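Peer 1: Here it is: the structure, laid out below.
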Amino acid sequence: MIAFLTDWSLKSYYVGVAKAVMKKINPSVDVVDITHDIKPFDVRMAAHVLLRASFDFPENTVFVAVVDYGVGTNRKAICVKTKNNHFYVGPDNGIFTYVAQHYGVKQIRELDNKSFHYGSSYTFHGRDIFAAVAGYLSKGIPFEQIGSVLPNYIVLPTKNAQLGSDFMIGEVVYFDGFGNVETNIPACFVEKLQWEMDDVILLNERYELIYVKAYGDVEKGKGLVHVDSSGFIEISVNQDSAANVFKFHEGELVKLRRKKP
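Residue numbers (this note's numbering): 683 to 943.
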């Protein structure tokens, strides 16, 4: 299986021809689109979405993740093999930071064996290098053949979530298509602070949210906080955009604590 993520959108032919190259090399491979609506050039968003999506894919999946503002420059094209036997193919610009941290790295290789490339465009490595190498890996080409070993890779600076005596602090990592605010705060923080359903939660000591299981557990237009399907804390407004209501921006820190009776 190949899992495909980009910031290309579907307005042009880029996704289609990259998938055509994958299928041309391995006609029997299943190609699953994660998303092609990553915000243009937003490597950090892509890295977080890639981690969350990866949880549901089986061993030996080849992930192609392309948000590549440096295409054609001296940035490297790489494949990261993680300890859970996933392969991550894409540019060396930090896009694999969170999957590497979560699963651990077995080995990294630079994609410098041109016999596994499709073409030589300076601006479409998504088709000519990443899609092609993914096709060959999905076909069973040994990982060791795709290129030379790299000792390290680019890592994004990170702000880890923090747990206090009665509060949690985390980072706004991206907004989904509904305007829900996705954070890097893990669900286990809720258990450690012993939040209960319908507790009033203070957001940045300013806004009152309700801790619930689902969006519809509060009235339309009301703010809520819950554990999302990937196991992280999400801040939402029922049938509205929390990003607009709370005026957050990516990378901003948020503090959540239960309001005292």
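Where a beta carbon is used, it is the ideal one built from N, C-alpha and C, also for glycine.
A quick note: this is a predicted structure, and the numbers were derived from the prediction, not measured.
For Ser918, name the three-state secondary structure that DSSP assigns.
Peer 2: Within the sequence shown, numbered from 1, the residue matching residue 918 stands at position 236. Residue state, collapsed to three classes: strand.
Peer 1: Helix, strand or coil for Val927, going by three-state DSSP, please let me know.
Peer 2: On the sequence shown, position 245 is the one that residue 927 refers to. Helix at Val927.
Peer 1: Let me know if Cys761 comes out buried or exposed under the rule of 16 or more other beta-carbons within 10 Å of its beta-carbon.
Peer 2: Residue 761 sits at position 79 when you count from the first residue of the sequence shown. Buried is the call here.
Peer 1: Under DSSP, the alpha helix (DSSP H) around Gly698 begins and ends at which residues?
Peer 2: Here the question's residue 698 lines up with position 16 in the sequence shown. Residues Tyr696 to Ile707.
Peer 1: Comparing alpha-carbon positions, which option in Lys904, His931 and Lys929 lies nearest Gln921?
Peer 2: On the sequence shown, residue 921 is found 239 positions in, with the first residue counted as 1. Out of Lys904, His931 and Lys929, Lys904 has the C-alpha closest to the C-alpha of Gln921.
Peer 1: So, under 8 Å CB-CB, Val745 and His768 are touching, yes? Tell me the CB distance rounded to an integer number of Å.
Peer 2: As a working note, residue 745 is residue 63 in the sequence shown. As a working note, residue 768 is residue 86 in the sequence shown. A small fix is needed here, since residue 745 is Phe in this sequence, not Val. Yes, they are in contact, since the Cβ atoms of Phe745 and His768 sit about 6 Å apart, within 8 Å.
Peer 1: Is it a yes or a no for the region 781-794 touching the region 811-829, going by three-plus beta-carbon pairs under 8 Å?
Peer 2: With a cut-off of 8 Å, the region 811-829 and the region 781-794 count as touching, because enough Cβ pairs lie within range.
Peer 1: So Gly852 and Thr840 are supposed to be a Cβ contact under 8 Å. How far apart are they, rounded?
Peer 2: Stepping through the sequence shown from its first residue, residue 852 is reached at position 170. Stepping through the sequence shown from its first residue, residue 840 is reached at position 158. Actually they are not in contact, since the Cβ atoms of Gly852 and Thr840 sit about 11 Å apart, beyond 8 Å.
Peer 1: With DSSP collapsed to three states, give me the class of Leu793.
Peer 2: By one-based count along the sequence shown, residue 793 stands at place 111. In this structure, Leu793 counts as coil in the three-state DSSP scheme.
Peer 1: Skipping 5 residues on each side, what residues in its chain have a beta carbon closer than 6 Å to that of Asn842?
Peer 2: Counted from its first residue, the sequence shown places residue 842 at position 160. Closer than 6 Å at Cβ, skipping near neighbours: no residue.
Peer 1: Tell me, please, whether the region 871-887 touches the region 747-755 by the rule of three or more beta-carbon pairs shorter than 8 Å.
Peer 2: They do not touch, by the three-pair rule.
Peer 1: Rank Leu891, Glu916 and Phe686 by C-alpha distance to the C-alpha of Val855 and give the top, closest one.
Peer 2: By one-based count along the sequence shown, residue 855 stands at place 173. Nearest of Leu891, Glu916 and Phe686 to Val855, Cα basis: Glu916.
Peer 1: Use the C-beta contact count for Asp689: other C-beta atoms within 10 angstroms, 16 or more gives buried, fewer gives exposed.
Peer 2: Within the sequence shown, residue 689 is the residue found at index 7, counting from 1. Under this definition Asp689 is a buried residue.
Peer 1: What does a CB cutoff of less than 7 Å around His799 pick up in its chain, not counting 5 residues either side in sequence?
Peer 2: Taking the first residue of the sequence shown as 1, we reach residue 799 at position 117. Contacts found: Asp810, Ile811 and Ala814.
Peer 1: Grab me the residues of Pro708's own chain with a C-beta within less than 7 Å of its C-beta, minus the 5 sequence neighbours each way, in chain order.
Peer 2: Working through the sequence shown from its first residue, we reach residue 708 at position 26. One detail in the question is off: residue 708 reads as Asn in this sequence, not Pro. Once the five neighbours on either side are set aside, the close Cβ partners of Asn708 are Gly817, Ser820 and Lys821.
Peer 1: Tell me the DSSP secondary structure of Leu845 in three-state form.
Peer 2: Taking the sequence shown and counting its residues from 1, one reaches residue 845 at position 163. DSSP places Leu845 in strand when its eight states are reduced to three.
Peer 1: Contact between the region 768-787 and the region 714-723 is defined here as three or more beta-carbon pairs at a separation below 8 Å; is this criterion met?
Peer 2: With the cut-off at 8 Å, the region 768-787 and the region 714-723 do not touch.
Peer 1: Taking only runs that begin and end inside the region 822-905, name each unbroken beta strand (DSSP E) of 3 or more residues, in chain order.
Peer 2: Here the runs fully enclosed are 849-857, 863-868, 882-885 and 889-893.
Peer 1: Helix, strand or coil for Thr743, going by three-state DSSP, please let me know.
Peer 2: For the purposes of this step, residue 743 is taken as the residue at position 61 of the sequence shown. Coil at Thr743, not helix or strand.
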